[in-house]
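Undergrad: I have a structure I would like to understand better, so I am pasting it below and will then ask my questions one at a time.
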Amino acid sequence: MASLDQLKQTFFDECDEALQQIEAGLTDIREGQQSDDTVNAVFRGVHSVKGGAGIFGFEALVGFAHVFETLLDGVRRGSLKATPDTLDVLLSASDVLSDLVSMSRSGKPIAAGFGNEVRTALQQIIDGDKGGATAAEDDNSPAPADFDGLDFKPVPVNFDDDASAADAMRSYAITFRPKAEMLKKANEPLYIIRELRKLGELELVAQTGEMPSLSEMEPDRPYIWWTGTLQTSSPRAKIDEVFEFVVGDCDLEIVETNAAPAAEMVEIADAPPTAPQEASAPLPPRAAPATPVAAPAATAEHPEVASGGRSAAVKPGATTTRIELERIDRVVNMVGELVISQAMLGQIVQDLPEGTSGRLAQILEEVIHHTRELKDSVMSMRAQPVSSVFQRMPRLVRELSTKTEKKVRLEMAGETTEVDRSIIERLGDPLTHIIRNAVDHGIETPADRLAAGKNEEGTIRLSAEHRGGRIIISVSDDGAGINSERVLKKAKEKGLVSPDAVLSEEEISNLIMLPGFSTAEAVSDISGRGVGMDVVRSNIQDIGGRISLKSERGRGMTIQLALPLTLAVMDGMVIKVGQQTYVMPLSAIVECLRPARTDISNLIGTRGMLQLRGEFVPLVNLGDLLDISSTAGDGGESVVIITDVGEGSRFGLVVDELCGHQQVVIKSIEESYGSVPGIAAATILGNGRVAFILDVEKLNDLAVSSPVGAGIPTKAAPVAKIAMN
Amino acid sequence: MPNAVAIKVLVVDDQNSVRQMTRMTLEEIGFRHIHEAENGVQAMETASLQPLDLIISDYNMPEMDGLGLLRAVRGHPVVRKVPFILLTGRGDRELVVKAAQAGVNNYLVKPFTAAILREKIEQVMGKLS
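In order, the protein sequence lines correspond to chains B and Z. All the letters of the first sequence, read from the start, carry residue numbers -14 to 710 under my numbering. All the letters of the second sequence, read from the start, carry residue numbers 522 to 650 under my numbering.
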């Protein structure tokens, strides 16, 4: 049974949904999409918060929500106009409401008079409507059990009234066996059952014993018949009425049994807390209520399935259920262990002598298939829509635009895109930072925008979508874009690039993500304190994501985050260098090849370059980098894995051997070892040994900054292009 | 004297937390047969599936609100006599007046304790044993 704390948690989750609904509705209204539906949705959102807060005794929340709701009610009824001023007050009110919810959630005491300003503003608009009447109910005293002075008398029920539901309950045993004639006259037995169900509580069991095999089945003959009980308060005549048209075409028996106290029936039906009592109805023990024919078709084919459908039929709203995350995480862990055990099993099967593993290998194949499906299902349970992060952004933009005196509109798309919650949790800060930057540095002041021939109001677009096994989140603005000269000058001043480097527009844009880079001419109140895009980049990289940036001078810029969908299990390529085994994320691999020695040249006398379809790709020798004696030389006899490190930059990783592709469970090593450059995590392989999972992007950075790798410290591929030019 | 254990009650609210809280309070009083519905439409479906002795419904819900449900119940041949208690928030006075006209048996202001809930039910159904 749920504890009070759990219920409160449920309530706060509902509040989050409601707040989101309020925010979205108000935004729509502000953009001129006001309809009865939007106003109603906002109203209902506020009301939900108030209703739940009422029942859990969050008085401050109730008080504020009440005033908020009263104003919305006015708008809904049309007695108040949703003027821009009113909307501003409503938006501030939604912010205050959101603050009150988080304060209530954290259990902090709410300062007396918190949000009073907004509350007064709401009240003034309401009073304006009513001509300065009610200053009502701004006290935070506990709710009264009754309204004072309200002339209401409870209406007692007269149980002697013979029509009272419980007393008139009668129970009938019904046997209903359709004949072929019935079907020929186009009477459908299931309709009759449905009609019967409307009379009261119906428990029917389909008798399928006479069902022939498919080949012997005649489609116009009924094989199924039903037995069971009906409990109803309707007179017998009503039951006969249902069978009126088929009475000659079926074997029908309706016998009134002792009026069973209906309570017992329900006891059997949804038994949970108490022990099931003796069933008086002719039902199979415990296999239990084959029920109000939840799904008639199912009843016909599989009576036992239909009985399982009971809870769905009786408990509406059972379509979703809230589960503690901890429990799901436990399942995720078990799936991880399962993947490991399965890999071990696979290893054993592989090691069996040729020809002895046939059946075993086949079954193992199935197990692998099921494990994968199990993993996907569990992961989808952990998935959450990104809206939980997105919903915080409108408020952020609103506050920032007020502070910077800019006009900014936030458009959002794809809020329902789902991603693992561990990623959601770590997405908030980077995204906040990016949006903050967009408002502070990206969007120009209204005057500047007008001068540049743009709309006075800037637009920031935040969107999310699934693409190629990753989730892509992009933030684009129509602001000034990156001032490349200034960025390059600054980067040279700070010694981040060599003074004579020639960089493309795109490379310059990417410079702002280097550590210690900040261009804001004046450090503003909002952003530009030196903790900048480099932190965002490392945050995103920490969760296995990539960040890329495109800027168009004067037109705005787009920052794109590509994130993995999950952090627990991934597809990996097992590789070998010398005696060591490593795993590379499959998502980072573009292709694998064994190049001819003639395709490899040593340009600029440093790293090897692989000539691949007319383009030079820099090589990184994994053995050298990790200081492992490799059997491969400079790539001649070894395998080269071409990897994509984002923004179109590629490099080739030289390894000794590819051992195959498998799913691996990601085990973090940071807690034990801290962050190791080039190593993302560890995993356990089928042979029980631990292998490191490589951090491909870091490997490239390492190679670039290592003494053998010269060139500018950005990405490897541009070097190749410059070299070709 | 009605026995709480035997009374079949339907709790109607679109908020899971409120439903669960109401359920918990009802269980505290001794109720054992508690059905739930998320809105008026679902409530009517549930009501047509099994006999009910009491409906406790919130007012504000999508699809069909509490008043709509009350009217639907009172207009339904089978369940029209089922006692109906309306859950209201503070300040919903006008609503109670409307509900009274529509034939509500009692109302209950949130938040409520088990004692208040019991009292409200007893005012309608008589002393609970």
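All C-beta atoms, glycine included, are put in the ideal place defined by N, C-alpha and C.
Could you check whether the Cβ of THR628(B) sits closer than 8 Å to any Cβ belonging to chain Z?
TA: Locating residue 628(B) in the first sequence gives position 643, where the first residue counts as 1. Answer no: the Cβ-Cβ gap between THR628(B) and chain Z never drops below 8 Å.
Undergrad: With C-beta atoms as the reference, is GLY464(B) less than 8 Å away from GLY413(B)?
TA: As a working mapping, residue 464(B) is identified with position 479 in the first sequence. As a working mapping, residue 413(B) is identified with position 428 in the first sequence. Cβ distance not < 8 Å, so GLY464(B) and GLY413(B) don't count as in contact.
Undergrad: Starting from ASN627(Z), follow its DSSP beta bridges and name the residues at the other end.
TA: To locate residue 627(Z), count along the second sequence from 1; it is residue 106. According to DSSP, ASN627(Z) bridges with ILE606(Z).
Undergrad: In chain B, which residues lie less than 7 Å from LYS648(Z) when you measure between Cβ atoms?
TA: Position 127 of the second sequence, counting from 1, holds the residue named residue 648(Z). In chain order: nothing, as chain B lies at least about 11 Å away.
Undergrad: Using a Cβ-Cβ cut-off of 8 Å, state whether LEU85(B) counts as contacting chain Z.
TA: For the purposes of this step, residue 85(B) is identified with residue 100 of the first sequence, where counting begins at 1. No, LEU85(B) does not count as interfacial toward chain Z.
Undergrad: Could you give the first and the last residue of the continuous alpha helix (DSSP H) run that contains ILE419(B)?
TA: Here residue 419(B) refers to the residue found at position 434 of the first sequence. Run containing ILE419(B): 413 to 422, per the alpha helix (DSSP H) assignment.
Undergrad: Per the DSSP calculation, THR668(B) is bridged to which residue(s)?
TA: For the purposes of this step, residue 668(B) is identified with residue 683 of the first sequence, where counting begins at 1. DSSP, once it has assigned bridges, lists ALA676(B) as partnering THR668(B).
Undergrad: Report the neighbours of ALA621(Z) on chain B: residues whose CB is nearer than 7 Å to its CB, in chain order.
TA: Here residue 621(Z) refers to the residue found at position 100 when the second sequence is read from its first residue. Those are PHE137, listed as they occur along chain B.
Undergrad: Given ARG206(B), which residues of its chain have a CB within under 8 Å of its CB, disregarding the five upstream and five downstream residues?
TA: For the purposes of this step, residue 206(B) is taken as residue 221 along the first sequence, with counting starting at 1. Counting only Cβ-Cβ distances below 8 Å, and skipping sequence neighbours, we find ALA165, LEU168.
Undergrad: Cβ of ARG179(B) within 8 Å of Cβ of TRP210(B)?
TA: Against the first sequence, residue 179(B) aligns to sequence position 194. Against the first sequence, residue 210(B) aligns to sequence position 225. For ARG179(B) and TRP210(B), no; Cβs fall outside 8 Å.
Undergrad: Quick one: what's got a C-beta closer than 7 Å to THR718(B)'s C-beta in the same chain, skipping five residues either side?
TA: For chain B, the structure presents residues -14 to 710; residue 718(B) sits outside this window and is missing.
Undergrad: Looking at C-alpha atoms only, which residue of PRO523(Z), MET565(Z), GLN644(Z) is the closest neighbour of VAL600(Z)?
TA: Translated into positions along the second sequence, residue 600(Z) becomes position 79. It is MET565(Z) whose Cα lies nearest to the Cα of VAL600(Z).
Undergrad: Can you tell which of PRO583(Z), SER538(Z), VAL533(Z) has its C-alpha closest to the C-alpha of ASP(-2)(B)?
TA: Along the first sequence, one-based indexing puts residue -2(B) at 13. Among PRO583(Z), SER538(Z), VAL533(Z), the Cα nearest to that of ASP(-2)(B) belongs to SER538(Z).
Undergrad: Could you check where the alpha helix (DSSP H) with ASN495(B) kicks off and where it finishes?
TA: The residue given as residue 495(B) occupies position 510 in the first sequence. 490 to 496 is the extent of the alpha helix (DSSP H) around ASN495(B).
Undergrad: Spatial neighbours of VAL714(B) within its chain, please: CB distance less than 7 Å, with the 5 preceding and 5 following residues excluded, ordered by chain position.
TA: Given that chain B is displayed from residue -14 to residue 710, the structure contains no residue 714(B) and the question cannot be resolved.
Undergrad: Taking the C-alpha atoms as reference points, what is the distance between LEU330(B) and THR668(B)?
TA: Residue mapping note: residue 330(B) aligns to position 345 of the first sequence, counting from 1. Residue mapping note: residue 668(B) aligns to position 683 of the first sequence, counting from 1. So the two alpha carbons sit approximately 16 Å from each other.
Undergrad: Can you tell which of ILE528(B), VAL103(B), ILE458(B), LEU499(B) has its C-alpha closest to the C-alpha of GLN545(B)?
TA: For the purposes of this step, residue 545(B) is taken as residue 560 along the first sequence, with counting starting at 1. When only C-alpha atoms are compared, the closest one is ILE458(B).
Undergrad: May I ask you to report which of helix, strand or coil DSSP gives ASP574(Z)?
TA: Mapped onto the second sequence, residue 574(Z) falls at position 53. Three-state DSSP puts ASP574(Z) in coil, outside helix and strand.
Undergrad: For the beta strand (DSSP E) containing LEU531(Z), list its first residue and its last residue.
TA: Here residue 531(Z) refers to the residue found at position 10 when the second sequence is read from its first residue. Element bounds for LEU531(Z): 529 to 533.
Undergrad: Consult DSSP for ALA266(B) and reduce its assignment to one of helix, strand or coil.
TA: In the first sequence, the residue the question calls residue 266(B) occupies position 281. Its pLDDT being 40, under 50, ALA266(B) is placed unreliably in this model, and the value from its coordinates should be taken loosely. Residue state, collapsed to three classes: coil.
Undergrad: Evaluate ASN524(B) with the Cβ neighbour count: other Cβ atoms within 10 Å of its Cβ, from every protein chain shown; 16 or more gives buried, anything less gives exposed.
TA: As a first step, residue 524(B) is located in the first sequence; it is residue number 539 there, counting from the start. So ASN524(B) counts as buried.
Undergrad: Taking 8 Å as the threshold (beta carbon to beta carbon), is SER538(Z) in contact with chain B?
TA: Here residue 538(Z) corresponds to residue number 17 of the second sequence, with the count starting at 1. With 8 Å as the cut-off, SER538(Z) counts as an interface residue toward chain B.
Undergrad: Please list, in chain order, the chain Z residues whose beta carbon lies closer than 9 Å to that of ARG29(B).
TA: Locating residue 29(B) in the first sequence gives position 44, counting from the first residue. Here the neighbours are ASP535, ASN581, MET582, PRO583.
Undergrad: Please go through the segment 425 to 500 of chain B and give each complete alpha helix (DSSP H) segment of 4 or more residues, from N-terminal end onward.
TA: Counting whole runs of 4 or more residues, the segment 425 to 500 of chain B contains the alpha helix (DSSP H) stretches 431 to 436, 469 to 478, 490 to 496.
Undergrad: Assuming LYS475(B) and GLY443(B) form a contact by the criterion Cβ under 8 Å, report the distance between their Cβ atoms to the nearest whole angstrom.
TA: Residue mapping note: residue 475(B) aligns to position 490 of the first sequence, counting from 1. Residue mapping note: residue 443(B) aligns to position 458 of the first sequence, counting from 1. Actually they are not in contact, since the Cβ atoms of LYS475(B) and GLY443(B) sit about 24 Å apart, beyond 8 Å.
Undergrad: What did DSSP end up calling PRO603(B) once you bin it into helix, strand or coil?
TA: Here residue 603(B) corresponds to residue number 618 of the first sequence, with the count starting at 1. Three-state DSSP puts PRO603(B) in a strand.
Undergrad: Taking just the CA atoms, how far does ASP519(B) sit from GLY659(B)?
TA: Stepping through the first sequence from its first residue, residue 659(B) is reached at position 674. Stepping through the first sequence from its first residue, residue 519(B) is reached at position 534. Approximately 20 Å between the Cα atoms of the pair.
Undergrad: Could you tell me which residues DSSP pairs with THR160(B) in its beta bridges?
TA: Translated into positions along the first sequence, residue 160(B) becomes position 175. THR212(B), GLU238(B), per the DSSP bridge assignment.
Undergrad: Keeping to the same chain, check which residues put their C-beta closer than 7 Å to that of ASP680(B); ignore five residues upstream and five downstream.
TA: In the first sequence, the residue the question calls residue 680(B) occupies position 695. So the list reads GLY663, ILE664, ALA665, once near-sequence residues are dropped.
Undergrad: Chain Z beta carbons: is any one of them nearer than 8 Å to that of PHE41(B)?
TA: Numbered from 1 along the first sequence, position 56 holds the residue referred to as residue 41(B). Judged by the 8 Å Cβ criterion, PHE41(B) is in contact with chain Z.
Undergrad: Roughly how far, in whole angstroms, is the beta-carbon of LEU56(B) from the beta-carbon of LEU65(B), given that I think they are within contact range, below 8 Å?
TA: If you number the first sequence from 1, residue 56(B) lands on position 71. If you number the first sequence from 1, residue 65(B) lands on position 80. That pair is a contact at about 7 Å.
Undergrad: Quick check on the DSSP output: the alpha helix (DSSP H) that includes PHE636(B) runs from which residue to which?
TA: What you label residue 636(B) is simply residue 651 of the first sequence in a count that begins at 1. From DSSP, PHE636(B) is part of no alpha helix (DSSP H) but of the beta strand (DSSP E) over 635 to 640.
Undergrad: Within this structure, are the beta carbons of SER575(Z) and VAL603(Z) separated by less than 8 Å?
TA: As a working mapping, residue 575(Z) is identified with position 54 in the second sequence. As a working mapping, residue 603(Z) is identified with position 82 in the second sequence. Note that residue 575(Z) is Leu in the sequence shown here, rather than Ser. The answer is yes: Cβ separation under 8 Å.
Undergrad: So, helix, strand or coil for HIS597(Z), using DSSP?
TA: Taking the second sequence and counting its residues from 1, the one referred to as residue 597(Z) is at position 76. HIS597(Z): coil per DSSP, three-state reduction.
Undergrad: Does the beta-carbon of MET182(B) have 16 or more other beta-carbons within 10 angstroms, so that it is buried, or is it exposed?
TA: For the purposes of this step, residue 182(B) is taken as residue 197 along the first sequence, with counting starting at 1. First, the amino acid is wrong: residue 182(B) is Arg here, not Met. Buried.
Undergrad: In this structure, how does DSSP classify GLN376(B) when only helix, strand and coil are distinguished?
TA: Within the first sequence, residue 376(B) is the residue found at index 391, counting from 1. DSSP places GLN376(B) in coil when its eight states are reduced to three.
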